[in-house]
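In what follows, a single structure is set out as C-alpha coordinates and then discussed.
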Amino acid sequence: MIKKLFSYLIPVKIYEAKSALSKSIEVTWANGELVLDSENTNYSYGSLQRILKVGLKNIGYKKIIAMDSILVLGVAGGSVIKTLVDEIKFEGKITGVELDSEIIKVANKYFKLNEIKNLEVVIGDAFEFVLKTKDRYDLIIIDIFQDITMPNFLFETFFINRICYLLKNKGFVLFNTMILNESQNIRNKKYLTDFNEHQFKIRTIPRIEVHNELIVIEKMV
(Lines of atoms letter the chains of each structure in order from A and count residues from 1; the text may use other names and numbers.)
(Lines give C-alpha, C1' and ligand atoms only; values in the text may rest on other atoms or scores of the structure.)
Protein backbone atom coordinates (compact mmCIF):
# COMPACT_ATOMS: atom_id res chain seq x y z
CA MET A 1 0.00 0.00 0.00
CA ILE A 2 2.87 2.39 0.78
CA LYS A 3 4.44 1.74 -2.63
CA LYS A 4 1.09 2.34 -4.31
CA LEU A 5 0.66 5.68 -2.53
CA PHE A 6 4.27 6.70 -3.21
CA SER A 7 3.77 5.93 -6.91
CA TYR A 8 1.65 9.07 -7.28
CA LEU A 9 4.89 10.98 -6.75
CA ILE A 10 7.35 8.74 -8.60
CA PRO A 11 7.10 5.31 -10.30
CA VAL A 12 8.04 2.41 -8.00
CA LYS A 13 9.47 -0.69 -9.69
CA ILE A 14 8.55 -3.90 -7.84
CA TYR A 15 9.68 -6.58 -10.31
CA GLU A 16 12.19 -6.89 -13.13
CA ALA A 17 13.22 -9.91 -15.18
CA LYS A 18 15.07 -10.68 -18.37
CA SER A 19 13.30 -12.35 -21.25
CA ALA A 20 14.85 -13.76 -24.40
CA LEU A 21 11.99 -12.29 -26.43
CA SER A 22 11.18 -9.05 -24.64
CA LYS A 23 14.67 -8.29 -23.25
CA SER A 24 13.36 -6.65 -20.10
CA ILE A 25 10.05 -7.13 -18.29
CA GLU A 26 9.20 -4.66 -15.53
CA VAL A 27 6.22 -4.36 -13.20
CA THR A 28 5.85 -0.88 -11.74
CA TRP A 29 3.46 1.04 -9.56
CA ALA A 30 2.66 4.25 -11.48
CA ASN A 31 0.00 6.75 -10.42
CA GLY A 32 -1.59 4.18 -8.14
CA GLU A 33 -1.83 1.32 -10.65
CA LEU A 34 0.34 -1.59 -11.67
CA VAL A 35 1.73 -1.43 -15.21
CA LEU A 36 3.82 -3.83 -17.28
CA ASP A 37 6.66 -2.35 -19.33
CA SER A 38 9.41 -3.51 -21.65
CA GLU A 39 12.74 -1.70 -21.91
CA ASN A 40 11.39 1.17 -24.00
CA THR A 41 7.60 1.03 -23.98
CA ASN A 42 4.44 0.22 -22.06
CA TYR A 43 3.27 -3.37 -22.62
CA SER A 44 0.08 -3.49 -20.57
CA TYR A 45 -2.13 -1.23 -18.50
CA GLY A 46 -1.16 2.43 -18.34
CA SER A 47 -1.03 4.07 -21.78
CA LEU A 48 -1.57 0.83 -23.71
CA GLN A 49 -4.84 0.13 -21.94
CA ARG A 50 -5.99 3.67 -22.75
CA ILE A 51 -5.02 3.22 -26.41
CA LEU A 52 -6.91 -0.03 -26.95
CA LYS A 53 -9.90 1.24 -25.00
CA VAL A 54 -10.25 4.03 -27.57
CA GLY A 55 -10.45 1.36 -30.29
CA LEU A 56 -12.99 -0.74 -28.39
CA LYS A 57 -15.19 2.33 -27.82
CA ASN A 58 -14.93 3.10 -31.54
CA ILE A 59 -16.30 -0.37 -32.33
CA GLY A 60 -18.98 0.01 -29.66
CA TYR A 61 -19.36 -1.73 -26.32
CA LYS A 62 -22.91 -2.91 -27.14
CA LYS A 63 -21.65 -4.65 -30.28
CA ILE A 64 -18.82 -6.30 -28.34
CA ILE A 65 -21.10 -7.58 -25.57
CA ALA A 66 -23.23 -9.34 -28.21
CA MET A 67 -20.22 -11.16 -29.71
CA ASP A 68 -19.46 -14.85 -29.12
CA SER A 69 -15.70 -15.11 -29.60
CA ILE A 70 -12.69 -12.78 -29.50
CA LEU A 71 -9.09 -13.50 -30.51
CA VAL A 72 -6.28 -11.46 -28.93
CA LEU A 73 -2.92 -11.74 -30.70
CA GLY A 74 -0.33 -10.45 -28.24
CA VAL A 75 -1.50 -10.81 -24.64
CA ALA A 76 1.37 -9.39 -22.54
CA GLY A 77 -0.14 -8.47 -19.16
CA GLY A 78 -3.67 -8.81 -20.48
CA SER A 79 -4.90 -5.24 -20.07
CA VAL A 80 -7.22 -5.34 -23.10
CA ILE A 81 -8.64 -8.63 -21.81
CA LYS A 82 -9.28 -7.01 -18.43
CA THR A 83 -11.10 -4.18 -20.22
CA LEU A 84 -13.24 -6.68 -22.14
CA VAL A 85 -14.18 -8.65 -19.02
CA ASP A 86 -14.27 -6.07 -16.22
CA GLU A 87 -15.48 -2.93 -18.00
CA ILE A 88 -17.39 -4.13 -21.07
CA LYS A 89 -18.67 -7.28 -19.27
CA PHE A 90 -17.96 -9.54 -22.23
CA GLU A 91 -18.92 -13.13 -21.32
CA GLY A 92 -18.09 -14.98 -24.54
CA LYS A 93 -14.91 -16.92 -25.23
CA ILE A 94 -11.58 -15.07 -25.38
CA THR A 95 -8.54 -16.76 -26.90
CA GLY A 96 -5.23 -15.06 -26.22
CA VAL A 97 -2.03 -15.93 -28.09
CA GLU A 98 1.31 -14.90 -26.58
CA LEU A 99 4.80 -15.93 -27.71
CA ASP A 100 6.61 -14.99 -24.49
CA SER A 101 5.84 -17.48 -21.71
CA GLU A 102 7.70 -15.34 -19.16
CA ILE A 103 5.25 -12.49 -19.68
CA ILE A 104 2.30 -14.81 -19.02
CA LYS A 105 3.90 -15.91 -15.73
CA VAL A 106 4.18 -12.26 -14.72
CA ALA A 107 0.61 -11.55 -15.88
CA ASN A 108 -0.72 -14.43 -13.78
CA LYS A 109 1.19 -13.39 -10.67
CA TYR A 110 0.68 -9.63 -10.70
CA PHE A 111 -2.46 -9.12 -12.81
CA LYS A 112 -4.44 -12.33 -12.01
CA LEU A 113 -4.83 -13.21 -15.68
CA ASN A 114 -5.29 -16.89 -14.87
CA GLU A 115 -8.41 -16.08 -12.82
CA ILE A 116 -10.40 -14.99 -15.91
CA LYS A 117 -12.72 -17.95 -16.50
CA ASN A 118 -13.66 -17.26 -20.14
CA LEU A 119 -10.02 -16.84 -21.24
CA GLU A 120 -7.85 -19.48 -22.88
CA VAL A 121 -4.16 -18.52 -23.25
CA VAL A 122 -2.13 -20.20 -25.97
CA ILE A 123 1.66 -19.94 -25.69
CA GLY A 124 2.86 -19.83 -29.26
CA ASP A 125 3.56 -17.86 -32.40
CA ALA A 126 0.66 -15.72 -33.64
CA PHE A 127 1.46 -16.39 -37.30
CA GLU A 128 1.38 -20.17 -36.78
CA PHE A 129 -1.81 -19.95 -34.73
CA VAL A 130 -3.59 -17.89 -37.38
CA LEU A 131 -2.40 -20.33 -40.04
CA LYS A 132 -3.65 -23.45 -38.23
CA THR A 133 -6.78 -22.48 -36.31
CA LYS A 134 -10.14 -23.59 -37.65
CA ASP A 135 -12.13 -21.23 -35.44
CA ARG A 136 -13.77 -18.00 -36.59
CA TYR A 137 -14.00 -14.83 -34.54
CA ASP A 138 -16.25 -11.79 -34.12
CA LEU A 139 -13.33 -9.58 -33.08
CA ILE A 140 -9.59 -10.00 -33.64
CA ILE A 141 -7.31 -7.70 -31.65
CA ILE A 142 -3.72 -7.47 -32.93
CA ASP A 143 -1.26 -5.96 -30.46
CA ILE A 144 2.10 -7.57 -31.18
CA PHE A 145 5.34 -5.83 -30.28
CA GLN A 146 8.83 -6.85 -29.29
CA ASP A 147 9.67 -3.74 -27.31
CA ILE A 148 8.99 -1.01 -29.93
CA THR A 149 9.40 -3.30 -32.97
CA MET A 150 6.48 -4.78 -34.91
CA PRO A 151 7.14 -8.06 -36.78
CA ASN A 152 7.04 -7.69 -40.57
CA PHE A 153 4.60 -10.58 -41.05
CA LEU A 154 1.77 -8.45 -39.59
CA PHE A 155 1.80 -6.32 -42.75
CA GLU A 156 2.21 -9.10 -45.32
CA THR A 157 -0.67 -9.81 -47.70
CA PHE A 158 -0.86 -13.52 -46.81
CA PHE A 159 -1.32 -12.75 -43.09
CA ILE A 160 -3.88 -10.04 -43.83
CA ASN A 161 -5.89 -12.40 -46.02
CA ARG A 162 -5.80 -15.11 -43.37
CA ILE A 163 -7.00 -12.70 -40.67
CA CYS A 164 -9.86 -11.64 -42.92
CA TYR A 165 -10.79 -15.28 -43.53
CA LEU A 166 -10.96 -15.98 -39.79
CA LEU A 167 -13.24 -13.01 -39.25
CA LYS A 168 -16.98 -13.68 -39.13
CA ASN A 169 -19.34 -11.58 -41.24
CA LYS A 170 -19.94 -8.20 -39.57
CA GLY A 171 -16.81 -8.85 -37.47
CA PHE A 172 -14.03 -6.43 -36.58
CA VAL A 173 -10.24 -6.26 -36.48
CA LEU A 174 -8.61 -3.84 -34.03
CA PHE A 175 -4.95 -3.41 -34.99
CA ASN A 176 -2.63 -1.38 -32.75
CA THR A 177 0.37 0.00 -34.65
CA MET A 178 3.24 2.32 -33.77
CA ILE A 179 4.53 5.04 -36.10
CA LEU A 180 7.95 6.41 -35.19
CA ASN A 181 9.16 7.53 -38.62
CA GLU A 182 8.00 8.26 -42.16
CA SER A 183 8.74 4.76 -43.47
CA GLN A 184 6.36 3.31 -40.88
CA ASN A 185 3.75 5.88 -41.88
CA ILE A 186 4.10 4.72 -45.50
CA ARG A 187 3.90 1.08 -44.30
CA ASN A 188 0.55 1.76 -42.64
CA LYS A 189 -0.86 3.53 -45.68
CA LYS A 190 0.14 0.60 -47.89
CA TYR A 191 -1.47 -1.81 -45.42
CA LEU A 192 -4.82 -0.13 -45.94
CA THR A 193 -4.70 -0.71 -49.70
CA ASP A 194 -4.76 -4.51 -49.24
CA PHE A 195 -8.47 -4.48 -48.38
CA ASN A 196 -11.34 -4.67 -50.86
CA GLU A 197 -13.40 -1.55 -50.24
CA HIS A 198 -16.61 -3.43 -51.13
CA GLN A 199 -15.97 -6.09 -48.48
CA PHE A 200 -14.35 -4.05 -45.71
CA LYS A 201 -14.92 -0.71 -44.05
CA ILE A 202 -11.68 0.73 -42.68
CA ARG A 203 -11.01 3.67 -40.41
CA THR A 204 -7.88 4.86 -38.66
CA ILE A 205 -7.49 6.59 -35.31
CA PRO A 206 -4.13 8.37 -35.50
CA ARG A 207 -1.74 9.78 -32.92
CA ILE A 208 -3.10 8.19 -29.78
CA GLU A 209 -0.55 8.68 -26.98
CA VAL A 210 1.59 10.45 -29.66
CA HIS A 211 2.98 7.47 -31.60
CA ASN A 212 0.18 4.90 -31.85
CA GLU A 213 -2.26 4.57 -34.73
CA LEU A 214 -5.25 2.24 -34.42
CA ILE A 215 -6.68 0.60 -37.53
CA VAL A 216 -10.28 -0.59 -37.26
CA ILE A 217 -11.45 -3.00 -39.97
CA GLU A 218 -15.09 -4.05 -40.29
CA LYS A 219 -16.07 -7.01 -42.48
CA MET A 220 -19.23 -5.98 -44.28
CA VAL A 221 -20.28 -9.34 -45.80
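So in UniProt numbering the end of the sequence shown lands on 221, straight run, no missing numbers.
Using N, Cα and C, we set each Cβ at its ideal position, and we do this for glycine too.
As the structure is a prediction and not an experimental result, all values here were calculated from the model.
Only counting the same chain, and skipping five residues up and downstream in sequence, which positions put a Cβ closer than 7 Å to that of residue i?
| i | result |
| --- | --- |
| residue 21 | 99, 100, 146 |
| residue 127 | 153, 159 |
| residue 220 | 199, 200, 201 |
| residue 194 | 157, 160 |
| residue 170 | 219 |
With DSSP as the reference, label residue i as helix, strand or coil.
| i | result |
| --- | --- |
| residue 135 | coil |
| residue 204 | strand |
| residue 99 | coil |
| residue 59 | helix |
| residue 33 | strand |
| residue 49 | helix |
| residue 140 | strand |
Can you tell me where the beta strand (DSSP E) holding residue i begins and where it ends?
| i | result |
| --- | --- |
| residue 122 | 119–123 |
| residue 89 | Per DSSP, residue 89 belongs to no beta strand (DSSP E) and is neither H nor E. |
| residue 216 | 212–219 |
| residue 26 | 23–30 |
| residue 69 | 69–73 |
Would you give the residue range spanned by the alpha helix (DSSP H) that residue i belongs to?
| i | result |
| --- | --- |
| residue 175 | Careful: residue 175 lies outside any alpha helix (DSSP H), inside the beta strand (DSSP E) at 167–178. |
| residue 16 | Here residue 16 belongs to no alpha helix (DSSP H); instead the beta strand (DSSP E) covers 12–19. |
| residue 154 | Premise fails: residue 154 is in no alpha helix (DSSP H) and is neither H nor E. |
| residue 80 | 79–82 |
| residue 183 | 182–192 |
Contact criterion: CB-CB distance below 8 Å. Does residue i meet it with respect to chain B?
| i | result |
| --- | --- |
| residue 95 | In the displayed structure, chain B is absent; only one protein chain is listed. |
Look at the Cβ atom of residue i, then the Cβ atom of residue j, and state whether they are nearer than 8 Å.
| i | j | result |
| --- | --- | --- |
| residue 119 | residue 175 | no |
| residue 141 | residue 70 | yes |
| residue 203 | residue 166 | no |
| residue 110 | residue 192 | no |
| residue 123 | residue 104 | yes |
| residue 217 | residue 178 | no |
| residue 131 | residue 88 | no |
In chain order, what residues of the same chain lie with their CB nearer than 6 Å to the CB of residue i, ignoring the 5 residues before and after it?
| i | result |
| --- | --- |
| residue 47 | 209 |
| residue 59 | 172 |
| residue 17 | 25 |
| residue 112 | none |
| residue 15 | 27 |
Compare the C-alpha of residue i against each of the options and name the closest.
| i | options | result |
| --- | --- | --- |
| residue 80 | 158, 51, 199 | 51 |
| residue 74 | 170, 165, 107, 217 | 107 |
| residue 38 | 23, 29, 31 | 23 |
| residue 188 | 95, 206, 15 | 206 |
| residue 129 | 104, 204, 83, 72 | 72 |
| residue 92 | 103, 76, 64 | 64 |
| residue 49 | 29, 139, 96, 83 | 83 |
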